[in-house]
Amino acid sequence: MSAETTPHIVLEARNVVKTYGHVTALDGVDFELRAGEILAVVGDNGAGKSTLIKALTGALHPTSGEILLDGVPIHFKGPLDARHAGIETVYQDLAVAPALDIASNLFLGRELRAPGLLGSLFRRLDKKKMREEARRAMNELKFRLPAIDNPVESLSGGQRQGVAVARAALFARKLVIMDEPTAALGVRETGQVLELIRSIRDRGLAVVLISHNMPNVFDIADRIHIMRLGRRAAVVSPKTHTMNDVVAIMTGAATA
Amino acid sequence: MTTATVSPADASRSLKSRILGAPSAGPLLVLIGFCLIFALSNPRFLATHNLSIILQQTVVIGVLAIGQTLVILTAGIDLAVGAICVLGTIVAGKLVNLGYDPVLSMGFAILLCTAAGLAAGGLVSGLRLPPFIVTLGILGILTAALRLISAGGAFPVRDPFLAWTGNTMKLGGFVLTYGVLIMFALYAVVWYLLNQTKWGRHVYAIGNNTEAARLVGIPVRRHLLSVYLLAGLIYGIAAWLALGRIPNADPNAMQSANLDSITAVVIGGTSLFGGRGGLIGTLIGALIVGVLRNGLTLAGIDPLWQDLVTGILVIIAVALDQMSRRKN
Ligand SMILES: Nc1ncnc2c1ncn2[C@@H]1O[C@H](COP(=O)(O)OP(=O)(O)O)[C@@H](O)[C@H]1O
Ligand SMILES: [Mg+2]
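Quick mapping for you: the protein sequence lines, in order, are chains A and B. Quick note: numbering that gives the first Met the number 0 has the first sequence finishing at residue 255, numbered continuously throughout. Quick note: numbering that gives the first Met the number 0 has the second sequence finishing at residue 327, numbered continuously throughout.
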């Protein structure tokens with residue numbers, strides 16, 4: 000494995016265990032996300048990928064183990080805590096409100112209020128500013144979309160997921176986690192979303208990408224975290240390992 | 000690729016497509032259509048006197064439909080609109096007839112209506128019961144309780160304050176009651192809440208995709224509670240307006256309030272599936288219901304037939320909504 004200058008670790012998990020009754024979903028997993036990287040998390044169905052992500056984002060409480068953000072141990076009570084700490088999550092099922100326009104979706108739950116009395120007393124939204132910011136963010140991410148005040152339902156599946164990903168990018172201060180963001184998308188749309196993920200990394204954020212799609216993973220990931228039976232089987236680089244190597248580690252046919 | 004990078008120019012769609020594409024264009028055409036039919040079949044329909052009567056007849060349903068719109072936008076439905084409003088008229092009427100201060104009596108009645116809304120909201124959001132069942136239950140409970148309190152019968156309420164909303168003022172040959180003005184004011188205020196505030200944005204988001212709303216951190220349960228609470232408050236105000244129209248508290252009144260308010264909302268283009276539509280449509284929808292009832296009455300048609308026509312109308316509107324959803 001690469002032994003260059005030790006990079007900054009943004010998010011780390013140490014020996015995390017999560018059991019559901021007799022089922023051990025996570026069996027002492029370790030995890031390490033470096034600043035500015037795209038880390039792919041791969042593994043068979045039931046290997047514990049989603050459970051790991053939920054533990055990292057406060058969506059569930061680990062049975063034991065430690066999670067550190069920028070080297071500091073953290074105990075998220077829920078996903079909101081993680082969000083306040085600068086971690087944004089994109090879910091597989093399109094988490095958008097289809098009837099609302101693009102700008103409203105981007106700012107959903109974090110709407111901007113108008114300045115002055117209009118905002119503080121009359122609680123008026125600053126729709127203009129939200130539209131402008133949305134446009135700026137989409138341009139910055141180089142994500143192509145029709146007019147920002149179109150309802151999200153008028154977009155293609157890839158563009159919709161793009162809105163969810165852009166929302167995460169817009170508000171994440173440290174990292175973005177995506178659980179199979181392209182699972183429901185076609186080839187071309189997947190390409191759009193992968194481009195978007197690259198732009199997010201290029202803005203300096205770290206990205207965790209869970210995916211089943213090996214070609215996608217090898218196309219985009221800086222490192223690949225391989226889950227097997229609730230543990231980390233290996234972390235490999237797409238430069239030194241082939242898809243077959245990774246699949247072999249995933250299934251237990253080989254070790255790193 | 001057919002899409003282009005977002006630019007400010009995209010924002011200005013042509014005026015024509017904006018007007019034709021506006022969600023309330025359809026309902027407005029229906030309203031104009033009905034007005035034309037009634038005007039052609041009876042010249043008295045368009046008399047200013049009759050038009051101001053239509054507005055007055057629309058007041059109570061129009062205001063109830065505001066609360067109904069809020070609930071339906073969250074993908075719920077409120078079958079207790081009429082019952083909660085009757086609760087307000089009976090309580091206020093009883094207290095005033097017992098000699099209590101009219102302002103306090105009405106205030107207390109409105110507070111009770113708000114509490115009934117809060118109870119519905121609590122059951123819907125806290126216990127996650129279907130709004131349809133919760134409000135049906137409240138309808139049954141209130142109807143029975145109110146008949147018991149008033150010993151089954153209606154009673155007159157003679158108090159200038161309770162009747163105040165029925166007082167008239169002239170606006171250029173047009174006779175308006177204060178109730179009509181209050182109705183328009185309520186539409187304006189709630190329209191502002193729905194369209195210009197975060198609160199309204201979240202109402203739409205919850206109705207449109209509850210899970211997405213939860214995931215972005217909107218406190219869904221608390222928000223639903225606030226929606227039902229506001230709806231209850233509005234039904235209480237409607238009770239005051241109802242006493243202004245007819246100075247009579249009747250436990251058997253407002254039998255068709257559910258049908259009429261839901262019809263107004265749905266004809267107005269708000270989707271029963273939640274998250275789509277709005278108050279401008281509902282105002283037009285309420286006027287359609289008012290025009291329909293008035294026009295049919297002028298034509299000498301029995302009120303039962305009016306219910307029948309309204310029933311057909313609501314089914315057509317829901318069918319159209321369903322069809323447009325399938326297309327998407
Ligand atoms: N809420 C739960 N209750 C019981 N078992 C669960 C629960 N969530 C996950 N599991 C189990 O934990 C294991 C890991 O699941 P998961 O993290 O979803 O895997 P992956 O996302 O890699 O497919 C599986 O065996 C799954 O059945
Ligand atoms: Mg999974």
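Built from N, CA and C at the ideal position, the CB exists for glycine as well.
Checklist entry - What do you get for His-224 (chain A), buried or exposed, if any count of 16 or more other CB atoms within 10 angstroms of its CB means buried? => result Buried, by the Cβ-count rule.
Item to check | Beta-carbon proximity check, Ile-233 (chain B) vs Val-62 (chain B), cutoff 8 Å | outcome: Yes, Cβ-Cβ distance for Ile-233 (chain B) and Val-62 (chain B) is below 8 Å.
Checklist entry - Does the stretch 187-206 of chain A come within contact of the stretch 119-138 of chain A, defined as at least 3 CB pairs closer than 8 Å? => result No: the two stretches stay apart, fewer than three of their Cβ pairs being nearer than 8 Å.
Next on the checklist: Would Pro-250 (chain B) and Pro-155 (chain B) be called neighbours here (beta carbons separated by less than 8 Å)?
Outcome noted: Cβ distance not < 8 Å, so Pro-250 (chain B) and Pro-155 (chain B) don't count as in contact.
Checklist entry - Taking only beta-carbon atoms, is Val-162 (chain A) less than 8 Å away from chain B? => result Put simply, the CB of Val-162 (chain A) is far from chain B, with every gap to its CB atoms at 8 Å or more.
Checklist entry - Excluding the five sequence neighbours on either side, which residues of its own chain have a C-beta within less than 6 Å of the C-beta of Met-322 (chain B), listed in chain order? => result Within the same chain, no Cβ atom closer than 6 Å to the Cβ of Met-322 (chain B) is found once the five residues on either side in sequence are excluded.
Checklist entry - If you count every other CB in all the chains shown that lies within 10 Å of the CB of Met-242 (chain A), and 16 or more means buried, which is it? => result Counting C-beta atoms within 10 angstroms of its own C-beta, Met-242 (chain A) has fewer than 16 neighbours from the protein chains shown and is therefore classed as exposed.
Item to check | Contact list for Arg-202 (chain A) against chain B, beta-carbon separation under 7 Å | outcome: Near Arg-202 (chain A) there are no residues of chain B at all, since even the closest Cβ is about 17 Å away, more than 7 Å.
Checklist entry - What does Ala-98 (chain A) touch in chain B if you count any residue whose Cβ is under 8 Å from its own? => result Near Ala-98 (chain A) (Cβ distances below 8 Å), the residues of chain B are Tyr-203, Asn-207, Gly-274 and Arg-275.
Item to check | Coarse secondary structure for Gly-47 (chain A), derived from DSSP in three states | outcome: Residue state, collapsed to three classes: coil.
Item to check | For review: beta carbons within less than 6 Å of any heavy atom in ligand 2 | outcome: Cβ atoms closer than 6 Å to ligand 2 belong to A:Lys-48 and A:Ser-49.
Checklist entry - How would you list, in chain order, the residues of chain B whose beta-carbon sits under 8 Å from the beta-carbon of Val-95 (chain A)? => result Chain B residues near Val-95 (chain A): Asn-208 and Ala-211.
Checklist entry - Cβ-heavy atom distance between Met-177 (chain A) and ligand 1 below 7 Å? => result Incorrect: Met-177 (chain A) has no Cβ contact closer than 7 Å to ligand 1.
Item to check | Phe-37 (chain B) in three-state terms, based on DSSP | outcome: Collapsing the DSSP output to three states places Phe-37 (chain B) in a helix.
Checklist entry - Since His-224 (chain A) sits in a beta bridge, which residues does DSSP pair it with? => result As computed with DSSP, His-224 (chain A) is found in a beta bridge with A:Val-40 and A:Val-234.
Next on the checklist: Classify Ala-232 (chain A): buried if its beta carbon has 16 or more other beta carbons within 10 angstroms, exposed otherwise.
Outcome noted: Classification for Ala-232 (chain A): buried.
Checklist entry - Is Arg-33 (chain A) closer than 8 Å to Leu-65 (chain A) when the C-beta atoms are compared? => result For the record, residue 65 (chain A) in the displayed sequence is Glu; it is not Leu. Not in contact: Glu-65 (chain A) and Arg-33 (chain A) (Cβ atoms no closer than 8 Å).
Item to check | Uninterrupted alpha helix (DSSP H) stretches inside the stretch 117-182 of chain A (no shorter than 4 residues) | outcome: Whole alpha helix (DSSP H) segments, 4+ residues: 126-139 and 156-170.
Item to check | Supposed contact pair Ala-98 (chain A) and Asn-207 (chain B) - C-beta distance, whole angstroms, cut 8 Å | outcome: About 5 Å; that satisfies the 8 Å criterion.
Checklist entry - Does the stretch 281-297 of chain B come close enough to the stretch 212-226 of chain B to have 3 or more Cβ pairs within less than 8 Å? => result Not touching, per the Cβ criterion.
Item to check | Whole-angstrom C-beta distance between Leu-30 (chain B) and Val-290 (chain B), which should lie under 8 Å | outcome: Indeed they touch by this definition, with Cβ atoms about 7 Å apart.
Next on the checklist: Does chain B have any CB closer than 8 Å to the CB of Gly-45 (chain A)?
Outcome noted: Not an interface residue.
Next on the checklist: What does DSSP give as the partner residue(s) for Lys-17 (chain A) in the beta ladder?
Outcome noted: Lys-17 (chain A) is bridged to A:Leu-25.
Checklist entry - Mind checking whether the beta-carbon of Tyr-90 (chain A) lies closer than 7 Å to any heavy atom of ligand 1? => result Within 7 Å of the C-beta of Tyr-90 (chain A) there is not a single heavy atom belonging to ligand 1.
Checklist entry - With a CB to CB cut of under 7 Å and the five nearest residues on each side skipped, what residues in its chain are close to Lys-48 (chain A)? => result Closer than 7 Å at Cβ, skipping near neighbours: Val-40, Gly-42, Ile-209 and Met-226.
Next on the checklist: For the pair the stretch 107-116 of chain B and the stretch 262-271 of chain B, tell me if three or more CB-CB distances fall below 8 Å.
Outcome noted: Three or more Cβ pairs closer than 8 Å define a contact, and the stretch 107-116 of chain B falls short of that threshold against the stretch 262-271 of chain B.
Checklist entry - Can you tell which of A:Pro-61, A:Met-137 and A:Asp-29 has its C-alpha closest to the C-alpha of Arg-202 (chain A)? => result That would be A:Met-137, whose Cα lies nearest to the Cα of Arg-202 (chain A).
Item to check | Ala-263 (chain B) in three-state terms, based on DSSP | outcome: If DSSP states are grouped into helix, strand and coil, Ala-263 (chain B) belongs with the helices.
Checklist entry - If you draw a straight line from the C-alpha of Gly-70 (chain A) to the C-alpha of Leu-10 (chain A), how long is it? => result Their backbone Cα atoms lie some 8 Å apart in a straight line.
Item to check | Contact set between Arg-82 (chain A) and chain B, taken where Cβ atoms lie within less than 8 Å | outcome: Correct list: Gly-216.
Checklist entry - What's the C-alpha gap between Ala-318 (chain B) and Leu-27 (chain B)? => result Cα to Cα, the separation comes out at about 18 Å.
Next on the checklist: Can you give me the C-alpha to C-alpha distance between Ile-236 (chain B) and Asp-80 (chain A), rounded to a whole angstrom?
Outcome noted: Taking C-alpha positions only, Ile-236 (chain B) is separated from Asp-80 (chain A) by approximately 40 Å.
Next on the checklist: Could you compute how far the alpha carbon of Ala-102 (chain A) sits from the alpha carbon of Ala-168 (chain A)?
Outcome noted: If I take the Cα positions, the gap works out to 14 Å.
Item to check | is_contact[Arg-123 (chain A), chain B] using C-beta, thresh 8 Å | outcome: Chain B, which has a Cβ nearer than 8 Å to the Cβ of Arg-123 (chain A), makes this yes.
Checklist entry - Which value, in whole angstroms, describes the spacing of the CA atoms of His-48 (chain B) and Ala-115 (chain B)? => result Roughly 37 Å separates the two Cα atoms.
Item to check | Residues of its chain near Val-28 (chain A), where Cβ-Cβ distance is below 7 Å and the 5 sequence neighbours each way are ignored | outcome: Closer than 7 Å at the Cβ level, and outside the excluded window around Val-28 (chain A), lie Ala-12, Val-15, Gly-47, Leu-51, Gly-229, Arg-230 and Arg-231.
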